[in-house]
Amino acid sequence: MLYLLFFLFPVAMAASAFVLRKQTTLTVAIGVGWALVQTALAAALPVEQPARLLGLTLNVDPLGRLFLLTFLAITLCSFLAAFALPHGENYVPVAILTQGLAGSMLLLLQEPFTVALLLVSVGILAVLAIVDLPIGTPALVGRKVIATALKYLVLMVMSGVMMYLAFVLITIYEPGTLPERVSPARLTLALLVIGFGLRIAIVPFHTWLPDLVEHASPLVTALIVVVINTSSLWFFVQSLQFFPIIVFENSRGLQIIMGIGIFTALVAAILALAQEQMRQMVGYLFVHNAGFLIFGLGTAQTFGMVGMLFEAFSQLPAILLILISVAMLERPDGRPANVLRRDLLWRWPVAATGFLGGMLALLGIPPFGGFVGKWMIYQAAHDQAAWLVVPLLVATAIAVLAVVRVARERLFGPADDLYQDEPDRLLGETEVDRPQERRLPSESAGLAILVMVLLGMCLVLGLYPQPLLTLIQNVVDGLSFIQA
Amino acid sequence: MDIGNLNLIVAGIGISGGLILLLRDWRLATPALLLMYGFVAAFLAQQQFIPPDLQVGGYPISTMVLIKLITGGSAIAILVITALTFSREYNLEDLDEFSLTELRRAARRAQQQRATQPFRVTDYIVPIWALVLALLASLALPRLYPIGTQEIDFVWYWLGLVGLFSMVLAADILKIGIGLLLVIESISLLYTALARAVQVIPLAFLSLTTVVLALMIAYLSGLLYGRLKTLELNELYKS
Numbered sequence: 057m058l059y060l061l062f063f064l065f066p067v068a069m070a071a072s073a074f075v076l077r078k079q080t081t082l083t084v085a086i087g088v089g090w091a092l093v094q095t096a097l098a099a100a101l102p103v104e105q106p107a108r109l110l111g112l113t114l115n116v117d118p119l120g121r122l123f124l125l126t127f128l129a130i131t132l133c134s135f136l137a138a139f140a141l142p143h144g145e146n147y148v149p150v151a152i153l154t155q156g157l158a159g160s161m162l163l164l165l166q167e168p169f170t171v172a173l174l175l176v177s178v179g180i181l182a183v184l185a186i187v188d189l190p191i192g193t194p195a196l197v198g199r200k201v202i203a204t205a206l207k208y209l210v211l212m213v214m215s216g217v218m219m220y221l222a223f224v225l226i227t228i229y230e231p232g233t234l235p236e237r238v239s240p241a242r243l244t245l246a247l248l249v250i251g252f253g254l255r256i257a258i259v260p261f262h263t264w265l266p267d268l269v270e271h272a273s274p275l276v277t278a279l280i281v282v283v284i285n286t287s288s289l290w291f292f293v294q295s296l297q298f299f300p301i302i303v304f305e306n307s308r309g310l311q312i313i314m315g316i317g318i319f320t321a322l323v324a325a326i327l328a329l330a331q332e333q334m335r336q337m338v339g340y341l342f343v344h345n346a347g348f349l350i351f352g353l354g355t356a357q358t359f360g361m362v363g364m365l366f367e368a369f370s371q372l373p374a375i376l377l378i379l380i381s382v383a384m385l386e387r388p389d390g391r392p393a394n395v396l397r398r399d400l401l402w403r404w405p406v407a408a409t410g411f412l413g414g415m416l417a418l419l420g421i422p423p424f425g426g427f428v429g430k431w432m433i434y435q436a437a438h439d440q441a442a443w444l445v446v447p448l449l450v451a452t453a454i455a456v457l458a459v460v461r462v463a464r465e466r467l468f469g470p471a472d473d474l475y476q477d478e479p480d481r482l483l484g485e486t487e488v489d490r491p492q493e494r495r496l497p498s499e500s501a502g503l504a505i506l507v508m509v510l511l512g513m514c515l516v517l518g519l520y521p522q523p524l525l526t527l528i529q530n531v532v533d534g535l536s537f538i539q540a
Numbered sequence: 005m006d007i008g009n010l011n012l013i014v015a016g017i018g019i020s021g022g023l024i025l026l027l028r029d030w031r032l033a034t035p036a037l038l039l040m041y042g043f044v045a046a047f048l049a050q051q052q053f054i055p056p057d058l059q060v061g062g063y064p065i066s067t068m069v070l071i072k073l074i075t076g077g078s079a080i081a082i083l084v085i086t087a088l089t090f091s092r093e094y095n096l097e098d099l100d101e102f103s104l105t106e107l108r109r110a111a112r113r114a115q116q117q118r119a120t121q122p123f124r125v126t127d128y129i130v131p132i133w134a135l136v137l138a139l140l141a142s143l144a145l146p147r148l149y150p151i152g153t154q155e156i157d158f159v160w161y162w163l164g165l166v167g168l169f170s171m172v173l174a175a176d177i178l179k180i181g182i183g184l185l186l187v188i189e190s191i192s193l194l195y196t197a198l199a200r201a202v203q204v205i206p207l208a209f210l211s212l213t214t215v216v217l218a219l220m221i222a223y224l225s226g227l228l229y230g231r232l233k234t235l236e237l238n239e240l241y242k243s
């Protein structure tokens, strides 16, 4: 009964939110209420007690439940931000349904075929949010937005197809019974890497992510990167857990995965450094971080896996923090849209602080949460071969440089408003003749509090990582494909 | 595959796939896709991967075959109805002057493009070579990398490759949708034919995915047409 409620409640609430979508504030309030109730339902789910429903096995382990609760907490924060930030008319219903489907995936991880198709469905659903416009907007949907949505749709369907194909191959594989056939374990791993690579945006399958960050609403991007990508990553780990033969027959394949991880981290960092647009730079840094995650997974060793999973957790508040901060930094401030703003730290101090804090957390700079995960990944790299640490450190250094560059060019410039002297009054000029004074509203108090809360979460994860590390360690110890 | 024992249904799948790859106009490609769904259903009925549980016109078939036919028919209906009744209409009163101008400009450009688009044989050179390549690969791969029987392997490789090439060569958004539907059909067939224990839920989800995908392609087509008055993809990348 609890499972049925867990699956059907989001569907009912998404339908209600869709019907009421013209009432923006009410819809967001429905979203907030749903997130709170769904969190209570998720907390009540029995852990490690498999159940059967419609012929499917439902189960959730402690880490899976923690992922579920974290996704809900992040979604709740997104809904709170949606009170003050512009978003499309279908954002709330799509977010509720996406979160509901992601929750279903986390419960159905023992049914890889079903989860692969659920991932395709979630991807298709997200397209609706990408092309969404706010109610009553005077603008048209941008060409590039449609192109981004189409690219995302095609790549996500192909990703699902690759996964599905891999699962079919691995389920029909019987070691030793058909010696004349080539072992499909390698092909399966290749298909899984391509399928999940498309999902979590590793180079060279990454192109959709920078486009998405640049053209979609930041709240939609957060939904996709935080909920969909992270649950895909967890699904990848669970797939290897259910079919450990893929790992055992592929030591070379794992080395290739580590190589792809390093390549992704390096290339994405270089591309981030080359970007002129802040959003593009952010997109490439998300890809850079995906490189670290895939490297940790490729080590298939305890340290690397714990580091990867910790990093997967710690990036969640960081990503939302960065995207909300970007949305706040881009708010109109009275200057013409074509004027490059260089003094954002002085103009929007909370948003700029959130942006910098989120970036440092994402790149693993102490004392933020990202540091713990990254440090363990460096150690895992060192355990594999000492020289592997070098490209990872170089990639991080380049990524930090990209952030410093953006900060110098966009945040720390001289403040226009603070240093502008009062122009002399001309002869005969009256108050009416003078240009209207630019109105400079202050930052939204609600958003400022939200940014501070998210920044606090990033800090807490860095300063007190032990409870989460212990939980992850216990789960990783139970993974069958982990090598000592 | 032995030509002497050529399975006519497999030949039908081959021909309809070839037509989908070659035909540039969605008005012709969608009926070819319907034909393809019909042949795939017939192939499933013929091979009886799932034991028959129904009698239709004296022929024993599985419910799954019927579901596949209904799913394919629904996807085609969604695409055709969308294509015929297109366009997400914007509420013109909400739009600002810039947006209205842009809509007028897009309509003018689409009209000019339609007027100056003659039939050119050269447009078919790349699709023909893609067809040859897909055919060669579909014949070679079942020998190089056998997964099921030769017929099954040919059919799923063929569907997958035709879908993939259709997407690569697509000039309009509906053709991309047709390519995606073919790729989904390919793995659906592979799962039905080869999975040791075919479960109802994954097959139901595959059907659902097909219909939802068709709906999303229809929505994006409407959005694109409403915005640019054309389905051509190259218009998306013009500044």
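Chains A and B, in that order, are what the protein sequence lines are. All residue numbers for the first sequence refer to this note's numbering, where the first residue is 57 and numbers rise by one. All residue numbers for the second sequence refer to this note's numbering, where the first residue is 5 and numbers rise by one. Just so it is clear, CB atoms sit at the ideal spot from N, CA and C, and this is done for glycine as well. Computed from a predicted structure; not experimentally measured.
Query raised in the report: Is the Cβ-Cβ distance between B:V166 and B:L38 less than 9 Å?
Result: As a first step, residue 166 of chain B is located in the second sequence; it is residue number 162 there, counting from the start. As a first step, residue 38 of chain B is located in the second sequence; it is residue number 34 there, counting from the start. With contacts defined as CB atoms closer than 9 Å, B:V166 and B:L38 fail to qualify as a contacting pair.
Query raised in the report: Is A:Q166 helix, strand or coil by DSSP?
Result: Working through the first sequence from its first residue, we reach residue 166 of chain A at position 110. DSSP places A:Q166 in the coil class of the three-state scheme, outside both helix and strand.
Query raised in the report: Around the C-beta of A:E332, are 16 or more other C-beta atoms found within 10 angstroms, so that it is buried, or is it exposed?
Result: Counting from 1 along the first sequence, the entry for residue 332 of chain A is found at position 276. Residue environment: A:E332 is assigned as exposed (fewer than 16 neighbouring CB atoms within 10 Å of its CB, all protein chains considered).
**Report entry** Assigned exposure category for A:V526 - 16 Cβ within 10 Å defines buried
**Finding:** Translated into the one-based positions of the first sequence, residue 526 of chain A becomes position 470. Checking the displayed sequence, the identity of residue 526 of chain A turns out to be Thr instead of Val. Classified as exposed, A:T526 has fewer than 16 neighbouring CB atoms from the shown chains inside 10 Å of its CB.
**Report entry** Continuous alpha helix (DSSP H) assignments of at least 4 residues falling wholly in the segment 28-62 of chain B
**Finding:** Listed in chain order, they are 30-51.
Query - Whole-angstrom C-beta distance between B:I71 and B:S211, which should lie under 8 Å - result: Within the second sequence, the letter at position 207 stands for residue 211 of chain B. Within the second sequence, the letter at position 67 stands for residue 71 of chain B. With a Cβ gap of about 6 Å, B:S211 and B:I71 count as contacting.
Query - Whole-Å CB distance - A:A278 paired with A:L379, under 8 Å assumed - result: Numbered from its first residue, the first sequence carries residue 278 of chain A at position 222. Numbered from its first residue, the first sequence carries residue 379 of chain A at position 323. Between A:A278 and A:L379 a beta carbon distance of about 5 Å is seen, short of the 8 Å cut, so the two are scored as contacting.
Query - Buried/exposed call for A:M337, threshold 16 Cβ in 10 Å - result: Reading the first sequence from its first residue, position 281 is the one you call residue 337 of chain A. Around the beta carbon of A:M337, 16 or more other beta carbons sit within 10 angstroms, so the residue counts as buried.
Query raised in the report: Under three-state DSSP, which class holds A:L112?
Result: As a first step, residue 112 of chain A is located in the first sequence; it is residue number 56 there, counting from the start. In the structure shown, A:L112 sits in a strand (DSSP, three-state: E or B).
Query raised in the report: When the Cα atoms are used, what is the spatial distance from A:A330 to B:K233?
Result: The residue labelled residue 330 of chain A in the question sits at position 274 within the first sequence. The residue labelled residue 233 of chain B in the question sits at position 229 within the second sequence. When rounded, the separation of the alpha-carbon atoms in A:A330 and B:K233 is 36 Å.
Query - A:G534 (DSSP reduced to helix, strand or coil) - result: As a working mapping, residue 534 of chain A is identified with position 478 in the first sequence. DSSP places A:G534 outside both helix and strand once states are collapsed to three, so it counts as coil.
Report task. Leaving out five residues on either side along the sequence, give the residues of the same chain with a beta carbon under 6 Å from the beta carbon of A:A257. Result -> Indexing the first sequence from 1 puts residue 257 of chain A at position 201. Listed in chain order, the non-local C-beta contacts of A:A257 below 6 Å within the same chain comprise L265, V343, A346, local neighbours out to five positions each way being set aside.
Requested in this report: Could I get the ranges of all uninterrupted alpha helix (DSSP H) runs contained in the segment 342-396 of chain A, with 4 residues as the minimum, in chain order?
Outcome: Counting only runs of 4 or more, we get 358-385.
**Report entry** Contact set for B:P55: own chain, Cβ-Cβ below 7 Å, skip 5 residues either direction
**Finding:** Working through the second sequence from its first residue, we reach residue 55 of chain B at position 51. These residues qualify, in order along the chain: S66.
Requested in this report: Name, in chain order, the residues that DSSP records as bridge partners for B:P64.
Outcome: Translated into the one-based positions of the second sequence, residue 64 of chain B becomes position 60. Under the DSSP definition of a beta bridge, B:P64 partners with B:Q59.
Report task. Taking the CB atoms as reference points, tell me whether A:R199 and B:K242 lie closer together than 9 Å. Result -> On the first sequence, residue 199 of chain A is found 143 positions in, with the first residue counted as 1. On the second sequence, residue 242 of chain B is found 238 positions in, with the first residue counted as 1. In this structure, A:R199 sits near B:K242, with a CB-CB distance shorter than 9 Å.
Query raised in the report: Quick one, which residues of the segment 38-63 of chain B are near chain A if we go by CB-CB under 9 Å, in chain order?
Result: Hits within the stretch: zero.
Query raised in the report: Where does the unbroken alpha helix (DSSP H) through A:W443 begin, and where does it stop?
Result: By 1-based counting over the first sequence, the position of residue 443 of chain A is 387. Careful: A:W443 lies outside any alpha helix (DSSP H) and carries neither H nor E.
**Report entry** Element boundaries [alpha helix (DSSP H), containing A:G502]
**Finding:** What you label residue 502 of chain A is simply residue 446 of the first sequence in a count that begins at 1. First-last of the alpha helix (DSSP H) with A:G502: 501-519.
Query raised in the report: Where does A:Q539 sit, in a helix, a strand or coil, going by DSSP?
Result: In the first sequence, counting from the first residue as 1, residue 539 of chain A sits at position 483. If DSSP states are grouped into helix, strand and coil, A:Q539 belongs with the strands.
**Report entry** Local Cβ density within 10 Å of A:S536, reported as buried at 16 or more and exposed below that
**Finding:** For this step, residue 536 of chain A is matched to residue 480 along the first sequence. Counting every other CB atom within 10 Å of its CB across the protein chains shown gives A:S536 a total below 16, marking it as exposed.
Report task. Can you give me the start and stop residues for the alpha helix (DSSP H) that A:T193 sits inside? Result -> Indexing the first sequence from 1 puts residue 193 of chain A at position 137. Element bounds for A:T193: n/a, residue is neither H nor E.
Query raised in the report: According to the neighbour-count rule (16 or more other Cβ atoms, all chains shown, within 10 Å of its Cβ), is A:K78 buried or exposed?
Result: Here the question's residue 78 of chain A lines up with position 22 in the first sequence. Exposed, by the Cβ-count rule.
Requested in this report: Using three-state DSSP, classify A:D399 as helix, strand or coil.
Outcome: Translated into the one-based positions of the first sequence, residue 399 of chain A becomes position 343. Coil at A:D399, not helix or strand.
Query raised in the report: What distance in whole Å lies between the Cβ atoms of A:R466 and A:L419, which are believed to be in contact at a cut-off of 8 Å?
Result: Counted from its first residue, the first sequence places residue 419 of chain A at position 363. Counted from its first residue, the first sequence places residue 466 of chain A at position 410. Actually they do not touch by this definition, with Cβ atoms about 17 Å apart.
Query raised in the report: Between the beta-carbon of A:Q155 and the beta-carbon of A:F127, is there less than 9 Å?
Result: Numbered from 1 along the first sequence, position 99 holds the residue referred to as residue 155 of chain A. Numbered from 1 along the first sequence, position 71 holds the residue referred to as residue 127 of chain A. Cβ atoms of A:Q155 and A:F127: closer than 9 Å.
Query raised in the report: Does the beta carbon of B:K242 sit closer than 9 Å to a beta carbon anywhere in chain A?
Result: For this step, residue 242 of chain B is matched to residue 238 along the second sequence. Taking Cβ atoms only, chain A reaches closer than 9 Å to B:K242, which makes this a yes.
**Report entry** the segment 143-151 of chain A contacting the segment 65-80 of chain A, beta-carbon criterion three pairs below 8 Å
**Finding:** The segment 143-151 of chain A vs the segment 65-80 of chain A: in contact.
Query raised in the report: Among B:N238, B:L240, B:L185, which one has its Cα closest to the Cα of B:F169?
Result: Stepping through the second sequence from its first residue, residue 169 of chain B is reached at position 165. The shortest Cα separation from B:F169 among B:N238, B:L240, B:L185 belongs to B:L185.
Report task. Give me the Cα-Cα distance between A:L124 and A:A100, rounded to the nearest whole angstrom. Result -> In the first sequence, the residue the question calls residue 124 of chain A occupies position 68. In the first sequence, the residue the question calls residue 100 of chain A occupies position 44. One C-alpha to the other measures close to 12 Å.
Query raised in the report: Since A:F468 is in the alpha helix (DSSP H), which residue starts that stretch and which ends it?
Result: On the first sequence, position 412 is the one that residue 468 of chain A refers to. According to the DSSP assignment, A:F468 belongs to no alpha helix (DSSP H), since it is labelled neither H nor E.
**Report entry** Cβ-Cβ distance between A:G360 and A:I433 below 9 Å
**Finding:** Residue mapping note: residue 360 of chain A aligns to position 304 of the first sequence, counting from 1. Residue mapping note: residue 433 of chain A aligns to position 377 of the first sequence, counting from 1. Contact check for A:G360 against A:I433 passes: the beta carbons are separated by less than 9 Å.
Query - Buried or exposed (CB count within 10 angstroms, at least 16 for buried), A:P422 - result: Residue 422 of chain A sits at position 366 when you count from the first residue of the first sequence. Taking a 10 Å sphere around the C-beta of A:P422, we find fewer than 16 other C-beta atoms and assign the residue as exposed.
Requested in this report: Return yes when the Cβ of B:A45 is within less than 9 Å of the Cβ of B:V3, no when it is not.
Outcome: With chain B covering 5 to 243 only, the question about residue 3 of chain B has no answer from this structure.
Query raised in the report: Of all Cβ atoms in chain A, is any one closer than 9 Å to the Cβ of B:I1?
Result: Outside the displayed range of chain B (5 to 243) lies residue 1 of chain B, so it cannot be described from this structure.
Requested in this report: Verify the CB distance criterion: does B:V216 have a CB-CB separation below 9 Å to chain A?
Outcome: Residue mapping note: residue 216 of chain B aligns to position 212 of the second sequence, counting from 1. In terms of beta-carbon proximity, B:V216 lines the interface with chain A, with at least one pair separated by less than 9 Å.
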